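Worksheet for the structure shown next.
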Amino acid sequence: MIRTSFDDGWTFGPRKTIFEHIGGGSPGEPVTLPHDAMLHEGRGADSPNGSHTGYFRPGAWEYEKQLEVPAAWADRRATLEFEGVYRDAMVYVDGHLAGQWSNGYSTFYVPLDPYLTYGGTATVRVEAQAYKDSRWYSGGGIHRPVSLLLGGLVHIAAEGPQITTPDVDQDLATVAVATRVLNESTATRTVRLRATVTDGAGAQVATDDTRLTILAGEALTARLRLYVPHPALWSVEHPALYTATVEVLDGTHEPDAHTTAFGIRTVTVDPSRGLRINGEVVKLRGACVHHDNGVLGSAAIGRAEERRVELLRAAGFNAIRSAHNPMSRAMLDACDRLGMLVMDETFDMWTVSKTEDDYARRFPQWWERDVDALVTKDLNHPSVILYSIGNEILEIGTPFGARVGRLVAERIRAADPTRLVTNAINGGMTAMELMPALLAEAQAAGAAGGPDPSFNSALGEMGDAMERLIASDQVGERIVEASSYLDVVGLNYAHARYLPDHAEFPGRVVVGSETFPSIIDRYWQLVLDNDHVIGDFTWTGWDYLGEAGIGRPMRPGDDQGLSAGYPWLTAGAGDIDITGLRRAVSYYRATVFGLSDVPYLATQPPAHRETPARPRSWSWSEAVPSWTWDVAEGTPVTVEVYSDAEEIELLLDGAPVVRVPVGTERPCYAEAVVPYRRGTITSVAHRGGREVGRTSLATADPALRVELSVDRDVLAAGPWDLAHVEIRLVDQLGRVDPGARREVTVQVDGPGTLQGLGSARPDPRESYLGDRCTSDAGRALAVVRPTGPGTLTVTVQAEGCAPARCVLLVDGADRVPASAPVR
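Note that this note's numbering has the sequence shown beginning at 92, numbered continuously upward.
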């Protein structure tokens, strides 16, 4: 079927009743998909969703678009493909219900033919809503792309061919292509089905064909086996991709074709050798990632998804867990191209609710269709190696919950037997009734060492109690059945089970499916030391909207709860902030992973030196890579250095100040107090008596100008492309002034629009949809979306600074850039 984008030309507004539609009313706002409707609802302390969704208000929305229906379509078949509508989507054509889907993250198809008048115009209307149904920022509306699929009466099914590689070695790979073909004509048809495989250079490497006879109104699956000599295997280091084109050829009717990318690779797992890809052992350096794109909200615009994968990979991750919903196709495409492994997740709940109106109310009727949609979407993507059947499922420790899990796992295996199945199990949730006694015991032990009423202390006690609970025999017994049908047992915050469970169940393979960033040194050592532990997925790799404040720094004396009050918006728990900037914990992680031998230098805010924030659960310290503080000379400043060296020497303007050992407090970590003085501080790493690396920070002067950098200055005019313009407030030497919190205004002239604007500030009051924001630590991010070919000018102004500009070239929409998804 011919695929064209259906993302342009929509209008959007609040959902109207049938009576409001009859009365007319104001037209909707023009929008281009993907689009996040919830951003338009605004935020407030009165939001019924509270901190879960970052105090955004819920809503119900509708989208409309006019579709021209040529008379020639009478002998064609038209289908709309929706990659994700949040949530409870209802699709109408000229007022008639044509399709619906409950889950907000599943791909679904709506046949249009029964509702079309050929030679006329049809109105497509999509309704969606979001209300107290998510534990994080969900966004709302048509947040993933829509495509129009057009084919002949005999055509390949909308999902396209399904490709597997059952036999692979260095000499030959078998490529199995299964293609469902539909005959929607009134006569029996005999057609020829041909499959062709080309390599990354476009050279044909294999082809095969077969004859297929299909009765009128019938759908049949044709299977072809092709053989690729000396295959280039897909891996993280070398993500080689092939392209398969399947054609339905009929000498008297219009042919139909579908093209898709795929990879050739093997995936195996066992407790003795762990995870192996193409026979090579791989340890998963994983990041849990929510689906939002920061200042873009939940809009899964292709370039934003690709950029996240690029930056996560550059930060040292080789795997992503999609938490806690199916990953977008755009991000899967990027993982395929860039070499990133994927654990794709189905659900955050099964039959027991976590919020007032969540998916549990729909699970009994919808889970099978959503599982099928997940597997159909993922099957051709070599990056996907693990399917997760759920996250912290509340009923998993009961016989009935374990039974449901088995049904979900077997449904996946029936559709795709080539991949591994896991489940992100939180053992503590299976025995929560034991927690009060354990917490009281931890509090009593803490009281023996002196009173500390702070929330930070309470959180630590809770963590200690949770660790003992998860390690208990009661929890071990309750997850036995739920673990028995998994290829890999996912354990959330349960490193205490890695070794005891291996002794009792030597055939069990485990992965840290969700872990605290604050103790990555402990987690990673367990991964390295144990073959049956295949990796670790931190919470989280990228900061996200909602669950406001769970990762904010905690200092002694803090008395707030787990979540922060309004106007907090972000979780504050990511290695990378919502604008794409790496935080200090990211550099510590890279050091622990053994990926960096350059010492990382950061300093804690001197105002809090007496009550510093320490790593705890999802938070890290407040250290930032800065030697610019508005304090008196001589003020003590705590300096942190991350390195795998033996000793760190600190210099001020080249003069030695102090020398400290590495690893006293935790591995790869050194800390010292240095009297503040404007100038340059340098950390020098020593091993075996010799220097092995150094890093410096220089004091910045107050910001004098705006400096811009852009991730791409040539764009495609298609709806998937973006330019991310990084805004920095710098001094005359180009050094960022981290104390600069100034209002920044952005103007876009030419064929484009300002899609989003904001900073990493966790408690913003401005909307990401506006043209102004307040910088955070001297930085902000503007995201520009092209609307057609031509030249774009982006002008940025900040208080007290001259305007800065950058120019972007938008190429014609008929060009498909290298980073565009392959279809």
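Glycine included, C-beta positions come from ideal geometry on N, C-alpha and C. Remember, it's a predicted structure, so these values are computed and weren't measured experimentally.
Straight across, the Cα-Cα distance linking R707 with R167 is about 60 Å. Restricting attention to E532, R863, L820, N140, the CA atom closest to the CA of V839 is found in R863.
Taking the Cα of T281 as reference, the smallest distance to any Cα among T287, L788, K374, H246 is reached at H246.
Less than 7 Å separates the beta-carbon of Y859 from that of G849. Taking 8 Å as the upper bound for CB-CB distance, E762 and V730 are in contact here, some 7 Å apart. By the C-beta criterion, the stretch 557-574 is judged not to be in contact with the stretch 331-348, since fewer than 3 inter-stretch pairs fall below 8 Å.
Leaving aside the five residues that flank F454 on each side, the residues in its chain whose CB is nearer than 8 Å to its CB run, in chain order, F438, M440, W441, T442. In the DSSP assignment, R134 is bridged to F147.
Counting along the chain, the unbroken alpha helix (DSSP H) around F110 starts and ends at 109-113.
Q838 sits in a strand when the DSSP states are folded into three classes. Restricted to the stretch 354-400, not a single alpha helix (DSSP H) segment is unbroken, complete and at least 4 residues in length. Judged by DSSP in its simplified three-state form, T521 adopts helix. DSSP, read as helix, strand or coil, puts R94 in strand. Collapsing the DSSP output to three states places R314 in a strand.
As summarised for the stretch 720-758, the continuous beta strand (DSSP E) elements at least 3 residues long and confined to that stretch are 727-733, 738-743, 746-752, given in chain order. When the Cα atoms are used, S800 and L402 turn out to be separated by approximately 15 Å. Straight-line measurement puts the Cα of H381 at about 43 Å from the Cα of E724. DSSP, read as helix, strand or coil, puts S774 in strand. Note on geometry: alpha-carbon atoms of Y760 and V176 lie some 45 Å from one another. For T682, the enclosing alpha helix (DSSP H) covers residues 675-683. The Cβ neighbour count for T170, taken over all protein chains shown within 10 Å, is at least 16; the residue is labelled buried. One Cα belongs to P703, the other to E756, and the distance between them is close to 15 Å. Here DSSP, grouped into helix, strand and coil, assigns E595 to helix. Each of L582, L742, T489, A248 was checked against the Cα of V602, and the nearest Cα belongs to L582. For Y154, DSSP records a beta bridge to F103, V217. A residue is called buried when at least 16 other Cβ atoms come within 10 angstroms of its Cβ; F147 meets this threshold and is buried. In terms of CA proximity to A814, R803 leads the group R803, A808, D822.
In this structure, the CA atom of A286 is about 14 Å from the CA atom of T255.
In this structure G365 is buried. Its beta-carbon is surrounded by 16 or more other beta-carbon atoms within 10 angstroms.
With 16 or more neighbouring CB atoms inside 10 Å of its own CB, F684 falls in the buried class. Of the candidates V184, A789, L577, the residue whose Cα lies closest to the Cα of D204 is V184.
With 16 or more other Cβ atoms inside 10 Å of its own Cβ, S774 counts as buried. Beta bridge pairing from DSSP links I305 with R280. For E713, the three-state secondary structure derived from DSSP is coil. Only residues of its own chain outside the window of five on either side were considered, and among them A307 have a CB closer than 6 Å to the CB of T277, listed in chain order. Counting other Cβ atoms within 10 Å of its Cβ, Q846 reaches 16 or more and is therefore classed as buried.
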